[in-house]
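Reviewing the structure listed below.
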Amino acid sequence: MSILQQNTINAPIEVKGITLHKGKIANLKILPSSPNTGITFKRVDLKTDNIINATFQNVSDATLCTTISNSNGASVSTIEHLMAALYGKNIDNAIIEIDTDEVPILDGSSKNFVDAIDKVGLKSSETSIKIIKVLRKVEVVDGTKKISIEPSNTTLEIDFEIDFNNPLIGSQRNSINVYETDLSDIYNSRTFCLFEDVEKLRKMNFAKGGSLENAVVVKDDKVLNKDGLRNEKEFVNHKILDCIGDLYLSGHKMVAKIVCSQGGHKLTNELLRKLFSDKDNFSIFELKEKNIPHSFINKVALKSIA
Ligand SMILES: [Zn+2]
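Sequential numbering from 2 applies to the sequence shown in this note's numbering.
This is how it looks when you write it as C-alpha cells:
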C-alpha cells in the first residue's frame, strides 16, 4: 500500500446504530469505488436522485454537525466523523450507502470506523493521488471565532484552541500534523456537550439519540460518563477530528496549516468556500514522484515501510 496511489477499501464494511440528532436507526455500508470517484453518499431508502457527493459546495447546514445535500434535496448529516476516518486512513474513493438521512453516531468518535477500515485493509490503484496546496493565507472571523489556512511545505498542520465557560473544559489547545502524528487520541475523542445544554438541544430537535454511550456530558467540573475521559485533551481533540472530516470535503488531501480558535463546522465550511473562490489561493497537483517535495516523499516512504 502506498499513499501516493489512490486507495479504496479492500472489502465492504457494514455499520448499524442510532443517529445522534434524529435518534433513528441507520444502516450504513462503506463500499469500494474506482479511482477519481471520491467519496459519495447514496441514500438507498430513496429511489431517484439519491447520490450526494461529499463536497464542501454541497454543505447545506453546519449547525452542530455537517449536512450535505444534492440538488434534489436528498441529504445526509453528521458525516464528519466518518469523513475524518476516511481522510486519516487514506481512503480516496468509496461509496457510502445509507438508509436514512444521518450517519450513525456509534461511540461519538471515529474509533469504530477506523477499526473497521483497519480490519478490511486498503486496496491500492495505479492512479496517483491529487494534493491541494494552499498558496495564500485565507481567514474567516466571526466575533471571537476565527479560522485561517496558510501555506505549509509538506504537511497538514492543525492548531486548534477552544475556550469554554466551564471549569472542567476551560481552555484547551492542541496542534497536530495529520500525516505524521499518531492520530489514535484524535480518532478516539468523543463528541461532547454541557449538561445544561442537553434540554435546549432537544427542544431544537437535536441530540434526540444522544446518550452517555455516544457523547461526553460535562456538568460543572465533572464528567458524567462513568469511565471519565479517554485522553487528557479529549475536548479539543474532538474538535480537531471534526476539522479533519470537514476539510476532507475539499475532495483531496491538503498541504496547509490551519489555525483555529473556537471554530466549528460552519467556520471550516466558510473557510473552504473562501479558499476555493479564488484560484490564486491554491493549486491542485498530481502527486507523482518527480514533483514531490523531498521531505514529503521521505516521510511517506518511511511510513509505507513501517
Ligand atoms: Zn464531532
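Here a beta-carbon is modelled for each residue, glycine too, at the ideal position from N, C-alpha and C.
Worksheet item: Residue ranges of each beta strand (DSSP E) run of no fewer than 3 residues wholly in the segment 153 to 229, ordered along the chain?
Response: 157 to 164, 172 to 178, 193 to 195 and 217 to 220
Discussion item. Per DSSP, what are the beta-bridge partners of residue 84 in this structure?
Written reply: Translated into the one-based positions of the sequence shown, residue 84 becomes position 83. Bridge partners of residue 84: none, in fact.
Item to complete: Quick one: residues in its chain with C-beta nearer than 6 Å to the C-beta of residue 28, no 5 flanking neighbours on either side, listed in chain order?
Response: Here the question's residue 28 lines up with position 27 in the sequence shown. Same-chain partners within the cutoff: 17 and 100.
Item to complete: Flag this pair as yes or no: are the beta carbons of residue 193 and residue 261 separated by less than 7 Å?
Response: Along the sequence shown, one-based indexing puts residue 193 at 192. Along the sequence shown, one-based indexing puts residue 261 at 260. The answer is no: Cβ separation not under 7 Å.
Worksheet entry | 3-residue-minimum beta strand (DSSP E) runs that sit fully inside the segment 100 to 147, ordered along the chain | 123 to 129, 131 to 135 and 139 to 143
Discussion item. Along the chain, where does the beta strand (DSSP E) containing residue 281 start, and where does it finish?
Written reply: One-based indexing of the sequence shown puts residue 281 at position 280. Segment: none, residue 281 is in no beta strand (DSSP E) and carries neither H nor E.
Worksheet item: Is the beta carbon of residue 238 sitting closer than 7 Å to the one on residue 186?
Response: On the sequence shown, position 237 is the one that residue 238 refers to. On the sequence shown, position 185 is the one that residue 186 refers to. Cβ distance < 7 Å, so residue 238 and residue 186 count as in contact.
Worksheet entry | Whole-angstrom C-beta distance between residue 63 and residue 10, which should lie under 8 Å | Here residue 10 refers to the residue found at position 9 of the sequence shown. Here residue 63 refers to the residue found at position 62 of the sequence shown. 27 Å between Cβ atoms; not a contact.
Worksheet item: From residue 255 to residue 273, what does the alpha carbon distance come to, in whole angstroms?
Response: For the purposes of this step, residue 255 is taken as the residue at position 254 of the sequence shown. For the purposes of this step, residue 273 is taken as the residue at position 272 of the sequence shown. Roughly 11 Å separates the two Cα atoms.
Item to complete: With hydrogens ignored, establish whether the beta-carbon of residue 192 is closer than 6 Å to any heavy atom of ligand 1.
Response: Here residue 192 is taken as the residue at index 191 of the sequence shown, counted from 1. Yes - ligand 1 has a heavy atom lying nearer than 6 Å to the Cβ of residue 192.
Fill in: Proximity of residue 250 and residue 111 at Cβ, strictly below 7 Å
Along the sequence shown, read from residue 1 onward, the residue named residue 250 stands at position 249. Along the sequence shown, read from residue 1 onward, the residue named residue 111 stands at position 110. In this structure, residue 111 does not lie closer than 7 Å to residue 250 by Cβ.
Fill in: Segment contact flag, the segment 52 to 71 with the segment 123 to 139, C-beta cutoff 8 Å, min 3 pairs
With the cut-off at 8 Å, the segment 52 to 71 and the segment 123 to 139 do not touch.
Discussion item. Could you compute how far the alpha carbon of residue 181 sits from the alpha carbon of residue 117?
Written reply: By 1-based counting over the sequence shown, the position of residue 181 is 180. By 1-based counting over the sequence shown, the position of residue 117 is 116. In a straight line, the C-alpha of residue 181 is about 21 Å away from that of residue 117.
Practice prompt. Within the same chain, show all residues whose beta-carbon is closer than 6 Å to that of residue 73, passing over the 5 residues directly before and after it, in chain order.
Written response: Counted from its first residue, the sequence shown places residue 73 at position 72. These residues qualify, in order along the chain: 50.
Worksheet item: How many angstroms separate the CA atom of residue 289 from the CA atom of residue 5?
Response: Here residue 289 corresponds to residue number 288 of the sequence shown, with the count starting at 1. Here residue 5 corresponds to residue number 4 of the sequence shown, with the count starting at 1. Approximately 7 Å, taken between the alpha carbons.
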